[in-house]
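Residue numbers (this note's numbering), protein chains in the order written: chain A, 1 to 424; chain B, 1 to 424.
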């Protein structure tokens, strides 16, 4: 097992171990945000028949030869065709049909003249021009034809994709499975949210944060509760987690825990790949995996992330390593948070050897983003993360980022780019 | 009723009519993405007691006066305190306690020396320095104290907020209600997704798109199906919708429809505020509202949007007017899509008098975004919307946007800013 990887090394290592999950069929209306598994091929034409693109009149062009503003041609309205309706008979010479947007073109008609280019008179209509061939006619299959690949595998399903699926009559769609994520925590000092916190006990808040971090990306978290600092308790909990795609354990803060977790994982057949990433917060991160189909029942080769116990460390390591992993599992290709280039608001200092993720807020100033560290950077102070727009990347070997220096910020807030005003 | 408003006028009019919805209490873990209704005030201290910020030794500073690397002081380890544990007795003079991160500080201890600054020897420990007063001690309530306002009303609940709520023992939280949105469509030519499309009938795909557009922002859509082109059918459907916060109707494309909708709405007591917005796609948009508590049972004063029937027009008008309205109802303040300043990829032309929303893809070129129109801009061609990154705003009175000109693009794709690589 390697120890003390750099952030990029850890990321690559995990990426190399990450499987993409198989497909399931879900109702198209429930597929929002999911990733398409196979191409969607149309079995329909849209529009289903030649139809009118305008409210107006379906005509036979030959009847309007020579028509002009000063030379209108008057024709008889034989019938009307509504959208969803159907022409009762072919258009005879000298006849036109009143037609509405989306309505099928009558047989023998070869163009549509829009209402504005006509004048109603008595029992007929005057036409002020001769249309081009098939003017204002939408051809059958113009939008989508039979056999067209309408959506490609890998596409993320948004509302417009759901609309297109509906128009093709597809009520089911094959998408990548959601990643099932077992969430575990451990430590004698931990209680659930409704537990008694007297005597120095604290709420296992990490479980709730991590649960929500999974939900926020459409993964399927399963919260397995708190194990106690005894090997049998830890083992029982991990056994319950073995059928997940990914196990995310956040340790209590006592040192003893880690040892139990490690020995239990080894007993269950997990290969620990590395321990420790040169970052702050979040150094004590462990990563391992079960082989697919191994004896302990890790059927799908669950990945295992042992996150640190400190709330900020747990949340930040989830962001850096677990979130992109789960997105990749679920078929996404854009798995990373957006980054911005910013200016450092106040000089930052640290020792070399660890990459720091500094919790910051961003302020726009003269067309540039300026980053200010939130108050406490203690890894126990979760409140500082609620106040942050993102994490400033203070590189591994750097010891100072002077005021005004350029730096990279990873945006954590999904709503960061949303605006208070429309902008036009 | 006014007719033919400009986009910004319509937006302001609607904004002035939009109520912010009241509160409901939901499980904190289910509150992701919701907007906090009232301040969250802490009834706890975090940390709950003075505790250690490091693995090391709790000491009485006075015992270590004069300690240095060449002058170590050796002291006896009296006991150990784990996180969640508790010191059995106060620290006596000349004694230290082994202590772990998060563990409560024993009585009489006044600092922590971290493990790295000590050397274990036989039954004792050598200290190589005297700590500062309260060094490596986290004070009780340092992160959060009793009475602190931890989260402000209006804050959007993200995973870190859920973690903070958990640590405070809050399993319920008061948030703005989800907007209940009744979705209706009408037209004799429409069928549901599993319906028979022979004879020129088409799927009411708008309903599915609009349903997903509501879901995507956390609103609560209720799909009421398709009404037929008869007044009693339209009335029955609108009556079923009266208890919603917002009614979104998308007409079929036949002209007769609109008249039924308008007369039914008037009969039910809806005040139609305006009809027609100078935009393309999407001119035939209607907006109205029921008065709160009126005789027809519009209890909460439902807003009514009558959207055009063409798929792209329906989706684009939802984006421009319904989406920000629903977000505002649910307590959000950043209700608008992000916009980017871009360069026009190919010269665009139109007539003056309507603002055009041009479906475009964006390409990065020399550090700038360049917008290219997607193939068809027909308002029937929904596929072009699936291919678009956003909508380019071609202003009302402009007739040309030359290649290379600056323009504003509204980003529609929630995943647009996500990245394939981490970026650091």
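Yeah, the Cβ is synthetic: ideal placement off N, Cα and C, and Gly gets one too.
1) Do residue 393/B and residue 424/A have their C-beta atoms within less than 7 Å of each other?
2) Determine the closest residue to residue 109/B out of 396/B, 124/B, 78/B, with distance taken between C-alpha atoms.
3) Of all the CB atoms in chain B, is at least one closer than 7 Å to the CB of residue 363/A?
4) Are the beta-carbon atoms belonging to residue 247/A and residue 302/A less than 7 Å from one another?
5) Under 7 Å, do residue 112/B and residue 56/B count as touching if we go by C-beta distance?
6) Can you find a C-beta in chain B that's less than 7 Å from the C-beta of residue 86/A?
7) So, for residue 166/B: in the same chain, excluding its five sequence neighbours on each side, which residues have a beta-carbon less than 7 Å away from its beta-carbon?
8) For residue 240/B, decide whether its Cβ has a neighbour in chain A, counting only Cβ atoms nearer than 7 Å.
9) Going by DSSP, what residue range makes up the beta strand (DSSP E) through residue 23/B?
10) Within the 7 Å Cβ cut-off, does residue 119/A reach chain B?
11) Verify whether the separation of the beta carbon atoms of residue 305/A and residue 324/A is less than 7 Å.
12) Looking at the structure shown, is residue 256/A part of a helix, part of a strand, or coil, going by DSSP?
13) What does the Cβ neighbour count give for residue 264/A, buried or exposed, with the cut at 16 atoms within 10 Å?
14) Quick one, which residues of the stretch 379-390 of chain B are near chain A if we go by CB-CB under 7 Å, in chain order?
15) Just reading off the alpha helix (DSSP H) that residue 185/B is part of, what are its end residues?
16) Report the option in 159/A, 346/A, 164/A whose CA atom is closest to the CA atom of residue 148/A.
17) Please list, in chain order, all residues of the same chain as residue 85/B whose beta carbon is under 7 Å from its beta carbon, the five residues on each side excluded.
18) Quick check on residue 389/A: buried or exposed, where buried means 16 or more other Cβ atoms within 10 Å of its Cβ?
19) Apply the 10 Å Cβ neighbour rule to residue 44/A and answer buried if 16 or more other Cβ atoms are within range, or exposed otherwise.
20) Which ranges does the beta strand (DSSP E) cover as unbroken runs of at least 3 residues, wholly within the stretch 312-381 of chain B, from first to last along the chain?
21) Using a Cβ-Cβ cut-off of less than 8 Å, give me the residues of the stretch 60-71 of chain A that come near chain B, in sequence order.
22) Checking contacts by CB at 7 Å: is residue 41/A closer than that to chain B?
23) Tell me which residues share the same chain as residue 382/B and place their Cβ nearer than 8 Å to its Cβ, disregarding the 5 neighbours each side in the sequence.
24) Assign residue 133/A to one of two classes, buried (16 or more other C-beta atoms within 10 Å of its C-beta) or exposed (fewer than that).
25) Establish whether the CB of residue 274/B and some CB of chain A are separated by less than 7 Å.
26) Under a Cβ-count criterion, where at least 16 other Cβ atoms within 10 Å of its own Cβ denotes burial, should residue 118/A be classed as buried or exposed?
27) Starting from residue 143/A, find everything on chain B with Cβ-Cβ shorter than 9 Å and list it in chain order.
28) Check distances from the C-beta atoms of the stretch 149-160 of chain B to those of chain A and list, in chain order, the residues that come in under 9 Å.
29) Could you give the distance in angstroms between the alpha-carbon of residue 2/B and the alpha-carbon of residue 273/B?
30) Residue 413/A touches chain B at which residues, Cβ-Cβ below 9 Å?
31) Go ahead and pull the three-state DSSP assignment for residue 80/A.
32) With distances taken Cα to Cα, identify the nearest neighbour of residue 269/B among 275/B, 251/B, 139/B, 235/B.
33) Buried or exposed for residue 386/A, please, with buried defined as at least 16 other CB atoms from any protein chain shown within 10 angstroms of its CB.
34) Are residue 340/A and residue 395/A touching if we call contact CB-CB under 7 Å?
35) Taking CB distances under 7 Å as the criterion, tell me whether residue 16/A reaches chain B.
36) Which residues of the stretch 202-215 of chain B have a Cβ closer than 8 Å to any Cβ of chain A? Give them in chain order.
Reading it off the structure:
1) Here the question's residue 393/B lines up with position 393 in the second chain. Here the question's residue 424/A lines up with position 424 in the first chain. Contact flag set, yes.
2) Within the second chain, numbered from 1, the residue matching residue 109/B stands at position 109. Checked all of 396/B, 124/B, 78/B; the closest Cα to residue 109/B is 78/B.
3) Position 363 of the first chain holds residue 363/A. No, residue 363/A lies away from the interface with chain B (no Cβ there is under 7 Å from its Cβ).
4) For this step, residue 247/A is matched to residue 247 along the first chain. For this step, residue 302/A is matched to residue 302 along the first chain. Yes; because the gap between Cβ atoms is below 7 Å, this pair is in contact.
5) As a first step, residue 112/B is located in the second chain; it is residue number 112 there, counting from the start. As a first step, residue 56/B is located in the second chain; it is residue number 56 there, counting from the start. Yes.
6) What you label residue 86/A is simply residue 86 of the first chain in a count that begins at 1. Output row for residue 86/A: interface = yes.
7) Looking up residue 166/B in the second chain gives position 166. Within the same chain, residue 166/B has close Cβ partners 28.
8) Reading the second chain from its first residue, position 240 is the one you call residue 240/B. Not closer than 7 Å to any Cβ of chain A, the Cβ of residue 240/B fails to qualify, so no.
9) Taking the second chain and counting its residues from 1, one reaches residue 23/B at position 23. 23-27 is the extent of the beta strand (DSSP E) around residue 23/B.
10) Along the first chain, read from residue 1 onward, the residue named residue 119/A stands at position 119. Not closer than 7 Å to any Cβ of chain B, the Cβ of residue 119/A fails to qualify, so no.
11) If you number the first chain from 1, residue 305/A lands on position 305. If you number the first chain from 1, residue 324/A lands on position 324. No, these two residues do not count as a Cβ contact at 7 Å.
12) Taking the first chain and counting its residues from 1, one reaches residue 256/A at position 256. For residue 256/A, the pLDDT reaches just 44, beneath the cut-off of 50, and the residue's location in the model is therefore unreliable, although a value from the coordinates is still provided. Reduced to three states, the DSSP call for residue 256/A is helix.
13) In the first chain, the residue the question calls residue 264/A occupies position 264. Under this definition residue 264/A is a buried residue.
14) 380, 381, 382, 383, 385, 386
15) As a working mapping, residue 185/B is identified with position 185 in the second chain. Element bounds for residue 185/B: not the alpha helix (DSSP H) but the beta strand (DSSP E), 180-186.
16) Taking the first residue of the first chain as 1, we reach residue 148/A at position 148. When only C-alpha atoms are compared, the closest one is 164/A.
17) Position 85 of the second chain, counting from 1, holds the residue named residue 85/B. 103, listed in sequence order.
18) In the first chain, the residue the question calls residue 389/A occupies position 389. Buried, by the Cβ-count rule.
19) In the first chain, residue 44/A corresponds to position 44, counting from 1. With 16 or more other Cβ atoms within 10 Å, it is buried.
20) 339-344, 355-365, 368-373
21) none
22) Locating residue 41/A in the first chain gives position 41, where the first residue counts as 1. For residue 41/A, the answer is no, since every Cβ of chain B falls outside 7 Å of its Cβ.
23) Here residue 382/B is taken as the residue at index 382 of the second chain, counted from 1. Contacts found: 205, 209, 311, 312, 315.
24) As a position in the first chain, residue 133/A is number 133, starting the count at 1. The residue is exposed, with fewer than 16 neighbouring Cβ atoms inside 10 Å.
25) Here residue 274/B corresponds to residue number 274 of the second chain, with the count starting at 1. Not an interface residue.
26) Taking the first chain and counting its residues from 1, one reaches residue 118/A at position 118. So residue 118/A ends up on the buried side.
27) Your numbering for residue 143/A matches position 143 in the first chain. Near residue 143/A (Cβ distances below 9 Å), the residues of chain B are 376, 378, 380, 381, 382, 383, 384.
28) 150, 151, 155, 156, 157, 158, 159, 160
29) For this step, residue 2/B is matched to residue 2 along the second chain. For this step, residue 273/B is matched to residue 273 along the second chain. Rounded to whole angstroms, residue 2/B to residue 273/B spans 7 Å at the Cα level.
30) For the purposes of this step, residue 413/A is taken as residue 413 along the first chain, with counting starting at 1. The contacting residues are 156, 158.
31) Taking the first chain and counting its residues from 1, one reaches residue 80/A at position 80. Residue 80/A falls in the strand class under three-state DSSP.
32) As a position in the second chain, residue 269/B is number 269, starting the count at 1. Ranking 275/B, 251/B, 139/B, 235/B by Cα distance to residue 269/B puts 235/B first.
33) Within the first chain, numbered from 1, the residue matching residue 386/A stands at position 386. When all chains shown are included, residue 386/A counts as buried.
34) Start at 1 with the first residue of the first chain, and residue 340/A comes out as number 340. Start at 1 with the first residue of the first chain, and residue 395/A comes out as number 395. Not a contact, by the Cβ cut-off of 7 Å.
35) Your numbering for residue 16/A matches position 16 in the first chain. No, no contact with chain B.
36) 202, 203, 204, 205, 206, 207, 208, 209, 210, 211, 212, 213, 215
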